[in-house]
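**Student:**
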Amino acid sequence: MKPKTFSGSLSVIRNAGSVQGLLLARGDQILHCDLMGGEPKAREMTTLIEDISVYFEETQRNPDQLFFEYQGGNVLLLLMDQYRMMILFQSPEEVDVIARACRSFLKDYAMGQFMVAQGLHKASSGTVRT
Amino acid sequence: MNSADASTNEFLSEALRSRQARFFRASGGSAKGRSGAEDTARFAKNLMLLQECARLFGERLGMKATTSAVLYEREETIGFTFDPSSDPQDAEAVGAIVNQRVPMRPFLESALSSDPL
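Protein chains in written order, with numbering that gives the first Met the number 0: chain A, 0 to 129; chain B, 0 to 116.
Right, dumping it as structure tokens:
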């Protein structure tokens, strides 16, 4: 995924419906953060998500999507391999739409990163290097 | 195996076969459901797990009380919501497990309108 596509896709999600904040990480590496509280809050949340992911691994659990609804706000967490995406939003009715959009983004992003790592990414001209 | 065990096992087998939700109700440290002790204990374990995760996120994000939580794991959806008609001092959680990935919002609504017993 090109940087422009990356930021454009995240911007679409960030501006959709009642979304209030977004965090994307790969393990403990923050890839994108748009949370109230900035970098320190992103670090705190990334650490928490990593701790929870380790707990799941240790207990042979493998959830890939979690949703928490509170009085006054909602949290959606997607886990895909080492990628973690957390979205804060206001309207619980939007959870399934937001989850679909985020999962689709995350799949594309993870696939793109995999292809780059494998040297399989197409050149921008549309030709494939041989 | 007594007849009650046999009928709950039959209920669980049929629910799994037809991929229908099994509903549960929990309060005051105990949970009830029609799909047998083992399945009900499994729901209770997930209820505690989701509540603990919700507490950890809620504390750090300055959220107020948890009202619902759902997770997808492989081809399964597990979740609960607090029954707003129950006593706030001893709120009842209603929840479900279903062996398919279903949209989260309707899943919670179905748990709320269910009669697990």
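Just so it is clear, CB atoms sit at the ideal spot from N, CA and C, and this is done for glycine as well. All values derive from a computational prediction rather than experimental measurement.
Excluding the five sequence neighbours on either side, which residues of its own chain have a C-beta within less than 8 Å of the C-beta of F106(B), listed in chain order?
**Tutor:** Hits under 8 Å: A20, V69, T76, G78, A95 and V97.
**Student:** In this structure, what does DSSP give as the bridge partners for A24(A)?
**Tutor:** Paired residue(s): I29(A) and R83(A).
**Student:** Would P102(B) pass as an interface residue toward chain A - the criterion being a Cβ-Cβ separation below 9 Å?
**Tutor:** Yes, contact with chain A.
**Student:** Does chain E have any CB closer than 9 Å to the CB of S113(B)?
**Tutor:** Given the protein chain composition of this structure (A and B), no chain E is represented.
**Student:** Using beta-carbon positions only, say whether L60(B) and M44(A) come within less than 9 Å of one another.
**Tutor:** For L60(B) and M44(A), yes; Cβs fall inside 9 Å.
**Student:** Which residues mark the beginning and the end of the beta strand (DSSP E) in which A101(B) is found?
**Tutor:** Inspection of the sequence shows that residue 101(B) is occupied by Val rather than by Ala. Counting along the chain, V101(B) falls outside any beta strand (DSSP E), and DSSP gives it neither H nor E.
**Student:** If distances are taken between C-alpha atoms only, which option among S109(B), A90(B), V101(B) and S113(B) comes closest to S29(B)?
**Tutor:** If we check each option's Cα against that of S29(B), A90(B) comes out closest.
**Student:** If you draw a straight line from the alpha carbon of S84(B) to that of G32(B), how long is it in whole angstroms?
**Tutor:** Cα to Cα, S84(B) sits roughly 19 Å from G32(B).
**Student:** For a contact meaning CB atoms closer than 9 Å, what does R59(B) contact in chain A?
**Tutor:** Neighbours of R59(B) on chain A, chain order: K40, E43, M44 and L47.
**Student:** For a test of the three-state rule: what should DSSP assign to F55(A), helix, strand or coil?
**Tutor:** F55(A) falls in the helix class under three-state DSSP.
**Student:** Since P62(A) is in the beta strand (DSSP E), which residue starts that stretch and which ends it?
**Tutor:** Where P62(A) is concerned, the enclosing beta strand (DSSP E) stretches over P62 to Y69.
**Student:** Should M47(B) be flagged as near chain A, meaning a C-beta pair shorter than 9 Å?
**Tutor:** Not one chain A Cβ lies under 9 Å of M47(B).
**Student:** Tell me the start and end of each unbroken alpha helix (DSSP H) in the segment 87-126 of chain A that is at least 4 residues and wholly inside, in chain order.
**Tutor:** Correct list: 94-117.
**Student:** Among L11(B), A25(B), A14(B) and C52(B), which one has its Cα closest to the Cα of L111(B)?
**Tutor:** Among L11(B), A25(B), A14(B) and C52(B), the Cα nearest to that of L111(B) belongs to A25(B).
**Student:** If you draw a straight line from the C-alpha of E93(A) to the C-alpha of L65(A), how long is it?
**Tutor:** Looking at the two C-alpha atoms, the distance is approximately 14 Å.
**Student:** Using a C-beta cutoff of 9 Å, does V74(A) count as contacting chain B?
**Tutor:** Cβ-Cβ to chain B under 9 Å: yes for V74(A).
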